[in-house]
Structure formats: structure tokens, C-alpha cells
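Since the structure comes first, as C-alpha cells, the remarks are kept for the end.
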Amino acid sequence: MDRILKVRKEFDQIVIYRHVNPDLDAFGSQFGMYHALKTLFPQKNIVLAGNMESELLSLFPSFEVSQLIKGSTLGIVLDTANRERIDGDISDCDRILKIDHHIVVDSYGDFNIEDVEASSCSEIVALLLKEAHVALPINAAQSLYLGIIGDSNRFLYSSTSQKTFGAAAYLLSAGINIEKLYQSLYMRNKKDLEVTRFIYNNYQEDGQVAWYYLSAQDLEMLQINRSQGSNYVNTLANFEEFKVWMAITQNVEENNYRVSIRSRDIAINEIASEFRGGGHAYASGATLLTLDELEILVGKLKEKLNG
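Every number in the working numbering is 6 more than the matching position in the sequence shown, counting from 1.
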């Protein structure tokens with residue numbers, strides 16, 4: 007961490023990136039790093055890269071939109087396994103620091119901090135800041151905590167370790183209100199009830215694989231967008247009969263179908279990579295070009311389960 011801080015001091019500005027279609031950990035690590043660096047280096051231009059239209063943003067503390075200036079630039083890419091998934095153009099940067107917890111497929115940074123055993127990228131960022139004895143501002147701590155609980159499912163996944171709780175303890179010492187954070191994250195409304203009812207009435211299953219499909223018409227009827235449709239994937243979790251469950255949503259803008267895959271006791275990330283995706287062992291994403299590919303995907307998942 008001392009080396010990283012020294013490197014950062016050499017640059018006029020820092021741009022912080024994360025992956026496309028961001029989840030809690032992508033935003034959590036990005037905003038956590040952003041607020042921490044704003045405190046550490048108030049004289050520097052700190053820029054957030056990527057699309058900022060997600061509804062998840064309502065969960066995070068406010069931030070400023072800064073523009074790139076002329077000068078030496080350090081890019082910090084968080085929670086992004088490969089170059090193609092970076093949300094933003096890193097060609098403007100003189101050097102790249104990659105911090106990630108996914109399976110290593112592309113060490114594209116000039117400096118790479120890759121810990122595949124970490125529960126989340128937010129955990130790695132928190133522990134780096136803890137190691138440097140940074141007095142963390144509460145907005146950074148809130149962001150990183152949301153990132154950790156997002157990717158660890160409230161510390162339920164097997165990736166949770168002593169380090170994870172050490173990071174959480176460090177964030178709690180900043181004074182965050184975890185009860186308020188959990189309420190903001192898990193409070194639901196009547197629309198959630200309508201979507202859940204639709205999923206339970208229309209889900210499909212094949213062996214130990216279950217899924218629901220939301221067409222563009224379904225999304226319009228339910229008054230939710232494609233990204234929101236994927237967020238209900240764990241509606242089919244915790245049923246003894248299903249070891250793999252998925253959300254398939256039609257993406258009209260890109261003329262494809264987005265798939266969120268979750269599993270219990272079976273690694274599905276390699277199969278997801280065969281369908282233009284990837285991710286964690288038990289939580290991955292994929293893209294189908296046609297619905298005909300869904301039968302192939304289900305078949306491969308069943309082979310994995312039976313193998």
C-alpha cells in the first residue's frame with residue numbers, strides 16, 4: 007500500500023474505473039476508493055469513469071462528476087477481470103493499477119493486485135486502506151461495506167474469511183450505521199411483490215436447473231427495466247430441488263438476452279464463459295444471442311450437475 011500511495015502522488019489526476027453493468031461491489035469499490043482518495047489527495051482531480059444511470063446509485067453516498075484535465079493520469083480499475091469489461095476508455099491513462107478478486111484471465115495493469123480468495127474487490131480495497139492506517143471517511147466506509155455484503159451475500163458465501171470480517175470491522179470503526187444500510191438495501195415495495203408473483207407463476211425447470219424469462223413485453227407490463235429484471239434472480243434460490251437458478255431478460259437495445267446464473271455447490275463460471283460471460287464460481291453472468299442457446303446452456307449445466 008505504501009508503494010501504491012507513492013505512485014499515486016506522482017500523478018496530476020486519478021481516474022477510477024469499474025466494469026460495465028455494475029453491481030454493488032463494482033460501485034462499492036469504486037466509490038469507496040473515490041471518497042478515500044478525495045480525502046487523501048484533496049488537491050488532485052479524482053474522476054469517476056463509467057455510466058452512472060443505475061438505480062443502485064440511490065444506495066450510495068453522493069459524489070461529484072469531474073472532467074479529465076491535461077496532465078499525467080493514473081487509472082485505477084476495480085472489480086474487472088478483463089480489459090473488455092472496463093466501463094470507460096483507459097487509453098487516456100499513463101499507468102494502470104488493477105485491483106480485482108476474479109479468476110485471473112487478463113493482468114492488463116502496469117500494477118496488478120489480484121486476490122481470487124477475497125470475497126469482493128471492496129474487501130481488498132478496505133484492507134489496503136486499513137494497512138495504510140487511513141482514517142476512512144464515513145462515505146467511503148459505507149460504500150465499501152455495501153460492496154462487501156453485496157458480493158458475499160451478507161457474509162453467507164464461502165468466500166467469506168477472517169480477512170472479510172477484518173475489513174468489515176475496519177469499516178465499522180468509521181462509524182457507519184449498518185442497520186440503516188441493510189434497511190435501504192432490502193426494503194421492498196408492492197411492485198416487488200408483483201414481480202415475484204409473476205416469477206413464481208412462470209418459472210421453468212429442467213432437472214435441478216430452474217430459471218425465469220422476462221421478455222421486453224413482460225418487463226413493460228411489470229414496469230421494470232432489464233437490469234431490474236435480473237435483480238430478482240435469487241427469487242429461485244434456497245429451494246432444495248434447484249442447485250442452479252437463472253434470470254434471463256431480453257435486451258432489446260443490444261438484440262440479445264442477458265443471463266444471471268447462481269448456483270449451490272457447483273462452479274458455473276467456466277460454462278458462463280462459453281456464452282460470452284464469466285464471473286465467480288457460484289455467481290456469473292452470460293449473454294445469449296438467441297433464445298435457442300438457452301437449451302444448450304441448460305444442457306451444459308445439467309451435464310455439470312450430473313458429472
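Every residue gets a Cβ at the ideal spot worked out from N, C-alpha and C, and that includes glycine.
Would you kindly work out how many angstroms separate the C-alpha atoms of residue i and residue j, rounded to a whole number?
i: L187; j: D157; result: 15 Å
i: N275; j: L303; result: 12 Å
i: E280; j: G291; result: 11 Å
i: I272; j: E16; result: 45 Å
i: D85; j: A243; result: 24 Å
i: T170; j: T296; result: 39 Å
i: V53; j: N118; result: 20 Å
i: E259; j: Q223; result: 14 Å
i: A146; j: Q234; result: 25 Å
i: A141; j: E61; result: 29 Å
i: Y40; j: E247; result: 43 Å
i: L94; j: M252; result: Checking the sequence, you will find Gly at residue 94 rather than Leu. Cα-Cα distance, rounded: 28 Å.
i: D270; j: K76; result: The sequence given here places Arg at residue 270; Asp does not occur at that position. One C-alpha to the other measures close to 49 Å.
i: A32; j: H25; result: 7 Å
i: T255; j: L225; result: 8 Å
i: P28; j: L191; result: 16 Å
i: M7; j: G81; result: 16 Å
i: I154; j: M58; result: 20 Å
i: F219; j: G305; result: Before going on, a small fix: residue 219 reads as Tyr here, not Phe. One C-alpha to the other measures close to 17 Å.
i: D98; j: T79; result: 7 Å
i: L165; j: N257; result: Rather than Leu, the amino acid found at residue 165 in this sequence is Ser. Spanning the two alpha carbons is a distance of roughly 31 Å.
i: V21; j: E211; result: 44 Å
i: Y91; j: N262; result: Per the sequence shown, the amino acid found at residue 91 is Arg instead of Tyr. Looking at the two C-alpha atoms, the distance is approximately 17 Å.
i: F66; j: I144; result: 11 Å
i: K44; j: R282; result: 36 Å
i: Y288; j: D198; result: 24 Å
i: I230; j: L30; result: 19 Å
i: G285; j: S68; result: 28 Å
Here's the rule: buried if 16 or more other CB atoms are within 10 angstroms of the residue's CB, otherwise exposed. What is residue i?
i: T241; result: buried
i: S35; result: buried
i: D1; result: Nothing in the structure corresponds to residue 1, since the chain is present only between 7 and 313.
i: R3; result: Past the boundaries of the shown model lies residue 3; the chain is included only from 7 to 313, so the question cannot be answered.
i: R160; result: exposed
i: D106; result: buried
i: T202; result: exposed
i: D100; result: exposed
i: R194; result: exposed
i: Q73; result: exposed
i: A138; result: exposed
i: G313; result: exposed
i: I184; result: exposed
i: Q19; result: buried
i: Q168; result: exposed
i: Q189; result: exposed
i: S149; result: buried
In the DSSP assignment, the alpha helix (DSSP H) including residue i goes from what residue to what residue?
i: D212; result: Segment 210-212 is the beta strand (DSSP E) holding D212; no alpha helix (DSSP H) there.
i: T170; result: 168-178
i: R232; result: 232-236
i: N275; result: 275-279
i: D31; result: 30-46
i: L191; result: 184-192
i: V304; result: 298-312
i: I154; result: 144-158
Would you please state the rounded distance, in angstroms, between the beta carbons of residue i and residue j? I believe it to be under 8 Å.
i: Y176; j: S125; result: At roughly 14 Å, the Cβ-Cβ gap does not stay under 8 Å, so Y176 and S125 are not in contact.
i: D116; j: N88; result: That pair is no contact at about 16 Å.
i: G38; j: S128; result: 6 Å
i: V250; j: Q214; result: 6 Å
i: Y206; j: A216; result: Going by Cβ atoms, the distance from Y206 to A216 rounds to 11 Å, so no, they are not a contact pair.
i: G172; j: L135; result: So it is not a contact: roughly 12 Å between Cβ atoms.
i: I96; j: I102; result: 6 Å
i: K104; j: V83; result: 5 Å
i: I130; j: Y151; result: So it is not a contact: roughly 14 Å between Cβ atoms.
i: K308; j: I277; result: The Cβ separation is near 11 Å, so there is no contact.
i: V265; j: L228; result: Between L228 and V265 the Cβ distance is about 18 Å, and since that is not below 8 Å, they are no contact.
Which one or two residues does DSSP pair with residue i in a beta bridge?
i: H139; result: H139 is not bridged to any residue.
i: L220; result: T255
i: S390; result: Since the displayed the chain opens at 7 and closes at 313, residue 390 lies outside it and no answer follows.
i: I92; result: H25
i: R101; result: L80
i: Q19; result: N51, T79
i: I119; result: I105
i: V250; result: V215, S269
Just reading off the beta strand (DSSP E) that residue i is part of, what are its end residues?
i: Y263; result: 262-269
Using 8 Å as the limit for Cβ to Cβ distance, is residue i near chain E?
i: N237; result: Within the model displayed, chain E is absent; a lone protein chain is all it includes.
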